[in-house]
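Colleague: Mind having a look at this structure? Questions to follow.
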Amino acid sequence: MMKDDTSQFPTIATLVGKEVYLRPMESDDLKTTYGWFLVSDPQIQTCHQVTLTTPEEMAARNKKREQSSDRGDFIMAQKEDHKMVGKLSYFHLNMLNRSAELGYIVAPGDRSRGYAKEGMWLLIRYLFKQLNLNKVYAQTASFNKASIALLESLDFKLDGTLRQHHYYNGDLYDDLLYSLLRFESSF
Ligand SMILES: CC(C)(COP(=O)(O)OP(=O)(O)OC[C@H]1O[C@@H](n2cnc3c(N)ncnc32)[C@H](O)[C@@H]1OP(=O)(O)O)[C@@H](O)C(=O)NCCC(=O)NCCS
Numbered sequence: 171m172m173k174d175d176t177s178q179f180p181t182i183a184t185l186v187g188k189e190v191y192l193r194p195m196e197s198d199d200l201k202t203t204y205g206w207f208l209v210s211d212p213q214i215q216t217c218h219q220v221t222l223t224t225p226e227e228m229a230a231r232n233k234k235r236e237q238s239s240d241r242g243d244f245i246m247a248q249k250e251d252h253k254m255v256g257k258l259s260y261f262h263l264n265m266l267n268r269s270a271e272l273g274y275i276v277a278p279g280d281r282s283r284g285y286a287k288e289g290m291w292l293l294i295r296y297l298f299k300q301l302n303l304n305k306v307y308a309q310t311a312s313f314n315k316a317s318i319a320l321l322e323s324l325d326f327k328l329d330g331t332l333r334q335h336h337y338y339n340g341d342l343y344d345d346l347l348y349s350l351l352r353f354e355s356s357f
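As numbered in the numbering used here, residues 171 to 357 make up the sequence shown, in order.
Next comes the structure, spelled out in C-alpha cells:
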C-alpha cells in the first residue's frame with residue numbers, strides 16, 4: 171500500500187493516523203464497546219449513576235443518541251488489521267460557542283500503547299479543522315490517573331474542580347474539568 175493510500179479506510183478517511191484510524195460507529199459495534207465499559211469499572215468513568223442495562227436496552231438508548239446532531243461516536247481501529255481498539259466521542263456540540271465535550275475508552279487489552287493519544291489527536295484535529303471548533307473539553311474523576319495523564323499529554327489545561335462531585339465506592343471525590351483551546355494546539 172502506498173503511504174498516502176487511504177482508500178481502504180472507511181468514509182472519514184482523513185482521520186487516519188500512524189497506527190490507528192477512526193471511523194463512524196455503527197450499531198453492531200455497541201456490544202463490543204459496551205463490554206469494554208462494563209469491565210472497566212463503569213462508576214470510575216462517569217459521575218452519573220450507572221444503571222447496568224442489557225445490550226438490547228443499551229442499543230435502544232443508542233438509537234436515540236445516533237439521531238442527535240450534537241454528538242459523534244467513532245470507533246478507533248488498528249490500521250494493520252482493522253481490529254477495534256477503542257471508542258472516541260464528541261458530544262454537547264455547541265456551534266455558537268464552537269465547543270464540544272470529549273469521551274474516550276480503549277479496549278482493556280490495548281491500553282498503554284499510545285492509541286488513545288493518537289486517536290484523540292485525530293479527533294481533535296477534525297473538530298478544530300473540519301468543524302471549526304475553538305474549544306474541546308473533558309470531565310474526569312480526580313482519581314482517574316490514566317484519563318488525567320492522557321489529557322495532560324495532549325496539553326489540555328485544568329479549567330477547574332467540581333468539588334465532591336463523584337461518588338465512588340462509598341466516598342465522594344472531586345471531578346476535574348480540562349480543556350484545550352484551538353490557539354494552544356498545533357492545528
Ligand atoms: C484513559 C484511557 C482512554 C487511556 O488510554 P491509553 O490508550 O491507555 O492511553 P495512551 O497509551 O494513549 O497514553 C496517553 C498518555 O497517558 C499516560 N497514561 C496512560 N495510562 C496511564 C496510567 N494508567 N497511569 C499513568 N499514566 C498513564 C501515558 O503514559 C501517555 O502519556 P505520555 O504520552 O506522556 O507518555 C484508558 O485508560 C481507558 O480506556 N480507561 C477507561 C475509560 C476511562 O476511564 N475513560 C475516561 C473517562 S473520563
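Every residue gets a Cβ at the ideal spot worked out from N, C-alpha and C, and that includes glycine.
In chain order, what are the residue ranges of uninterrupted alpha helix (DSSP H) at least 4 long that sit wholly in the region 314-354?
Modeller: 315-323
Colleague: At 3 residues or longer, and completely inside the region 218-264: list those beta strand (DSSP E) runs for me, N to C.
Modeller: Whole beta strand (DSSP E) segments, 3+ residues: 242-248 and 254-264.
Colleague: Going by alpha carbons, who is nearest to M265 out of K253, D240, L272 and D280?
Modeller: D240
Colleague: Once DSSP output is grouped into helix, strand and coil, what is the label at L293?
Modeller: helix
Colleague: Taking only heavy atoms of ligand 1 into account, decide whether any of them is closer than 8 Å to the Cβ of A247.
Modeller: Not one heavy atom of ligand 1 sits closer than 8 Å to the Cβ of A247.
Colleague: Relative to the C-alpha of D344, which candidate in G330, A316 and L272 has its C-alpha closest?
Modeller: Among G330, A316 and L272, the Cα nearest to that of D344 is on G330.
Colleague: Report yes or no: is there a C-beta of chain B within less than 9 Å of the C-beta of L292?
Modeller: Considering every chain present, this structure includes no chain B. It has just one protein chain.
Colleague: Looking at C-alpha atoms only, which residue of F326, R281, H262 and L192 is the closest neighbour of L347?
Modeller: F326
Colleague: Buried or exposed, going by whether 16 or more other CB atoms sit within 10 Å of the CB of F357?
Modeller: exposed
Colleague: Between I275 and K299, which are expected to be in contact by the criterion C-beta below 8 Å, what is the C-beta distance as a whole number of angstroms?
Modeller: That pair is no contact at about 24 Å.
Colleague: Please check the pair M228 and G289, which I expect to be a contact at CB under 8 Å, by giving their CB distance rounded to whole angstroms.
Modeller: The pair is not a contact, with the Cβ atoms about 22 Å apart (cut-off 8 Å).
Colleague: Name the DSSP beta bridge partners of L301, please?
Modeller: DSSP output for L301 lists no bridge partner at all.
Colleague: What is the DSSP secondary structure of L185, reduced to helix, strand or coil?
Modeller: L185: coil per DSSP, three-state reduction.
Colleague: DSSP three-state label for A308, please.
Modeller: strand
Colleague: Closest to E236 by C-alpha separation, out of D211, D198 and N304, would be which residue?
Modeller: D198
Colleague: Any idea if E271 is buried or exposed, counting beta-carbon neighbours within 10 angstroms, 16 or more meaning buried?
Modeller: buried
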